[in-house]
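With numbering that gives the first Met the number 0 as the guide, the letters of the sequence shown map in order to residues 0 to 370. Written below as structure tokens is the structure these notes are about.
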Amino acid sequence: MSAAGGEPVESFNYPSRLARLREILSASGLQALLVSDQHNIRYLSGFRGSSGALLITAEEQILFSDFRYRLQAAEQALIFHFQEVKRDPLPSIGEYVREKGLKTAGFEAHALTVEQLSSLRRASRGVGWRRAKQVVETLRQVKHSQEIAEIARAAKITDDTLEHILSSLAPGRTEHEIALEGTIFMMKHGAKASAFDVIVASGPRAALPHAESSNRTLERGDLVILDLGARLPSGYCSDLTRTVAVGRAQDWQRELYSLVYEAQAKALDGLRAGVRARKIDAAARGHITAAGHGGEFGHGLGHGVGLDVHEAPRLAEAEKTMLRAGMVVTVEPGVYLSERGGVRIEDLVVIGQGGCKILSHAPKPAELPVL
């Protein structure tokens, strides 16, 4: 069966997801939850439209959207009742909650503006709206086997894309050219899109942790950071980073690469269920700091990956989250030397009880690759 646009209807266990959500709502004293975050809408319902919101109560699940999405909702949100509204669903949702006599309802603060929340409250006087912090996101942290399989498939496409890019990486090519080639390759091989703009950062620009690919031409002796990921038709993503040298490598570049490689290995060695996220970050960060480069590793060690390429949990210095089996995270230490270049190595892993399984299979030599 295909949905609007010819894409297959997703077959994830939405009833199970809703049942787990209702358990959380009941324990929180909430009679309903308004879901307006697009990733959370998709996670709970399968609906991929760009306009709409969900209302989940103890007994009902309703998708509020407008005429444009009536047929799409019927094909994608199979277990949801569709309530057609004008363009803004919030007044209708507010009225519905009030008419049902509900007294407490939650909303996603990160996915509503102040103006939208005011509109919702005006339409539902007498209802106590409470911020429901990270409710659906908590469910999304632990992946079902079907989700892990999708992420692994996205990782395989990304591995193949990196191999294709490296086969033609050479002085004289621009970062933009390489990034575009990578994007086209992954879409030709099963991705719906890139999970984010492919990052090719060369020479001094490799010192920018979140660089954007530019018209800079690769030169002999450059360090090049390649950061890419695929998004599948199912919405699930991957994320991968490798660093290489072009033509030749200097001693400082080799030393920097070895440092980052070792830091990642230390983190991966300790990554398992039952460990706090900050402890894994500390394993990599401590190694880099001991080498005198703590100040050049200014971001967290990693993040969750799923329907969003950056989601919970985070592997970071202050992150207290207890890691659980089934979580999928990146492990990506990096060191960035201003005006010289940088190194980042990133793999995608699924956490297990006794360790972790690396989903990325792109080559990762212990010594800096020189192409």
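Think of the CB as a built atom: it goes at the ideal place given N, C-alpha and C, for glycine as much as any other residue.
Practice task
Compare the Cα-Cα distances from Leu239 to each of Leu179, Met321 and Ala151 and report the closest residue.
Solution key: In the sequence shown, the residue the question calls residue 239 occupies position 240. Comparing Cα positions, the closest option is Ala151.
Exercise for the section: Identify, in the order they occur along the chain, each residue of the same chain with its Cβ nearer than 8 Å to the Cβ of Ala324, setting aside the five sequence neighbours on each side. Expected result: Mapped onto the sequence shown, residue 324 falls at position 325. Within the same chain, Ala324 has close Cβ partners Val141, Ala272, Ile350, Gly351 and Gln352.
Exercise for the section: Could you tell me the distance, in whole angstroms, from the CA atom of Glu316 to the CA atom of Gly303? Expected result: Your numbering for residue 316 matches position 317 in the sequence shown. Your numbering for residue 303 matches position 304 in the sequence shown. Taken atom to atom, the span from the alpha-carbon of Glu316 to that of Gly303 is near 15 Å.
Handout entry: Distance, Ala131 Cα to Ile23 Cα
Key = Taking the sequence shown and counting its residues from 1, the one referred to as residue 23 is at position 24. Taking the sequence shown and counting its residues from 1, the one referred to as residue 131 is at position 132. Whole-angstrom Cα-Cα distance: 10 Å.
Practice task
Below 6 Å CB to CB, which residues in the same chain sit around Asp280 once its five sequence neighbours on both sides are set aside?
Solution key: Within the sequence shown, residue 280 is the residue found at index 281, counting from 1. So the qualifying residues of the chain are Leu300, Leu314, Ala315 and Glu316.
Exercise for the section: For Lys265, collect the residues of the same chain with a Cβ closer than 7 Å to its Cβ; drop the 5 residues on either side in sequence, then sort them by chain order. Expected result: Mapped onto the sequence shown, residue 265 falls at position 266. Around Lys265: Ala282, Ala283 and His286.
Handout entry: Cβ pair count under 8 Å reaching 3, the segment 58 to 67 against the segment 82 to 94
Key = Yes, the segment 58 to 67 is in contact with the segment 82 to 94.
Handout entry: Start-to-end residues for the alpha helix (DSSP H) that takes in Arg21
Key = In the sequence shown, the residue the question calls residue 21 occupies position 22. Arg21: member of the alpha helix (DSSP H) spanning Tyr13 to Ser27, first to last residue.
Problem - Runs of alpha helix (DSSP H) lying entirely within the segment 216 to 274, each at least 4 residues, in chain order - result: If you keep only unbroken alpha helix (DSSP H) runs of at least 4 residues inside the segment 216 to 274, you get 250 to 269.
Handout entry: Contact check, Leu255 vs Val334, beta carbons under 7 Å
Key = Along the sequence shown, one-based indexing puts residue 255 at 256. Along the sequence shown, one-based indexing puts residue 334 at 335. Their beta carbons are under 7 Å apart, which means Leu255 touches Val334 by this criterion.
Handout entry: Contacts around Leu101, its chain only, beta-carbon distance under 8 Å, and the 5 residues preceding and following it disregarded
Key = For the purposes of this step, residue 101 is identified with residue 102 of the sequence shown, where counting begins at 1. Counting only residues of its own chain and dropping the five nearest sequence neighbours on each side, Leu101 has a CB closer than 8 Å to the CB of Gln30, Ala31, Thr56 and Val126.
Problem - Proximity of Ser44 and Ala76 at Cβ, strictly below 7 Å - result: Your numbering for residue 44 matches position 45 in the sequence shown. Your numbering for residue 76 matches position 77 in the sequence shown. Yes. Within cutoff.
Exercise for the section: Report yes if the C-beta distance between Leu168 and Ala244 is below 7 Å; otherwise report no. Expected result: Position 169 of the sequence shown holds residue 168. Position 245 of the sequence shown holds residue 244. The answer is no: Cβ separation not under 7 Å.
Practice task
Could you name the residues of the same chain whose beta carbon sits closer than 8 Å to that of Ser193, not counting the 5 residues immediately before and after it, in chain order?
Solution key: For the purposes of this step, residue 193 is taken as the residue at position 194 of the sequence shown. Here the set comprises Gly181, Thr182, Met185, Met186, Leu227, Gly228, Ala229 and Arg230.
Handout entry: Limits of the beta strand (DSSP E) - the one that Gln106 falls within
Key = Along the sequence shown, read from residue 1 onward, the residue named residue 106 stands at position 107. The question names Gln, yet the displayed sequence has Phe at residue 106. It spans Thr103 to Phe106 - the beta strand (DSSP E) in which Phe106 sits, taken as one unbroken run.
Handout entry: Candidates Asp87, Arg253, Gly189 and Arg275: closest to Pro364 by CA position
Key = Here residue 364 refers to the residue found at position 365 when the sequence shown is read from its first residue. Of Asp87, Arg253, Gly189 and Arg275, the residue nearest in Cα terms is Arg253.
Practice task
Locate the alpha helix (DSSP H) running through Tyr335, then write down its first and last residues.
Solution key: Mapped onto the sequence shown, residue 335 falls at position 336. Looking at the DSSP string, Tyr335 is not in any alpha helix (DSSP H); the run it does join, the beta strand (DSSP E), is Gly333 to Leu336.
Problem - Where Met0 falls: helix, strand or coil (DSSP) - result: Counted from its first residue, the sequence shown places residue 0 at position 1. Note that Met0 has pLDDT 43, beneath the 50 cutoff, so the model's placement of it is unreliable and no number is given.
Exercise for the section: Would you give the residue range spanned by the beta strand (DSSP E) that Glu310 belongs to? Expected result: Your numbering for residue 310 matches position 311 in the sequence shown. For Glu310, the enclosing beta strand (DSSP E) starts and ends at Glu310 to Leu314.
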